[in-house]
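Reading through the structure tokens given below for one structure.
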Amino acid sequence: MYPLALKTRFLLSLLAASCLLPWAGAKPSSEASSVSIKRQIEPRYPAWAYTHGISSGYAKIAFYVDEHGQASEFLPIEYSYEAFANELMATIKKWDFVPATQNGQPVKSVCHAYWEFLPDRAIETNALFDTAKRIDGHGSKGFRSLKYREDEELDSRIGMTSFPGLAIARDSGLLDTDRQTVRARINFFVDPQGHVLLPHIVDSSDPQTNEKLEAAFKNASFSLPSFEGTPAIALVERTYDFPILWLDSEPPQSL
């Protein structure tokens, strides 16, 4: 059991969501909105932190929020101790979201959720926004067991070792059958094993193929990212020409 006082000493300040939205041409920024939280549950201070004498902590989780406000594919990208990431991740799964919109239509996006855990005083935290600079500017928040790194921070540029094609049925009507490639700028994480996580199309030559592009790109693999000689999670944004693999019919859906 957690003392009631600890449960009631949370102060939540919700700012604009830090979410990547799909590109939809040169439109005024007023036509786009970010994800917001419709219902939230406050995370508890982890029992592990109590028993190990940890007086504070934080975690940052990346995840999808789809057109229906459903969150999925949770990825811890930064934390002081893993227990804080596990608690935040378990709690976010119970939150309800309002999806982002682009030109008045709900769209899928990638969000970063951040929470500070401070049991000894009122918590002032921002649930959805990019806190990287804020964290880096405070010495007291300096300890990290895990921190993701931007592409330019890595020891060397990571290269793709396996490039996926874009499989499209000829009778799907998505593209003219004389097309050979689709160009897309894509934002994604690469884990320490070189796997692609949470790919998100920022813009593409053919937006109607974005869902298929993201699904295909999950099968890509990269050389292993490292920072100062240590395996790292990398956040990367690059542009690729995806070769089209024309199929006579749609492949069967896996169960």
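Using our numbering, the letters of the sequence shown map in sequence onto residues 362 to 616. By construction, the Cβ of each residue, glycine as well, lies at the ideal position given by its N, Cα and C atoms.
Per DSSP, Lys454 is not a residue of any alpha helix (DSSP H), being assigned neither H nor E. In the DSSP annotation of this structure, the continuous segment of the alpha helix (DSSP H) that includes Ala408 starts and ends at Ala408 to Thr412.
Closest by C-alpha distance to Tyr475, out of Gln466, His429 and Lys421, is Lys421.
Boundaries for Asn571: no beta strand (DSSP E) harbours it, while the alpha helix (DSSP H) harbouring it runs Asn571 to Phe578, taken from the DSSP string. Leaving aside the five residues that flank Pro604 on each side, the residues in its chain whose CB is nearer than 6 Å to its CB run, in chain order, Gly526 and Thr542. Judged by DSSP in its simplified three-state form, Ala474 adopts strand.
Contact between Phe549 and Val597 holds: their C-beta atoms lie close to 6 Å from each other, under 8 Å.
In this structure the stretch 394-410 lies against the stretch 435-455, because at least three pairs of beta carbons, one per stretch, are closer than 8 Å. With respect to the 8 Å criterion, Phe583 and Val551 are classified as neighbours on the basis of their beta carbons.
Under DSSP, Thr542 shares a beta bridge with Pro604. Here Glu514 carries a helix assignment [DSSP, helix/strand/coil].
Exclusion of the five residues before and after Phe504 leaves Ser441 as the residues of its chain whose Cβ lies within less than 7 Å of its Cβ. Between Arg531 and Leu606 the beta-carbon gap is near 11 Å, outside 8 Å, which marks them as no contact. A Cβ-Cβ distance of about 17 Å is found for the pair Ser565 and Leu559, leaving them out of contact under the 8 Å criterion. The C-alpha of Val396 is placed about 11 Å away from the C-alpha of Gln463.
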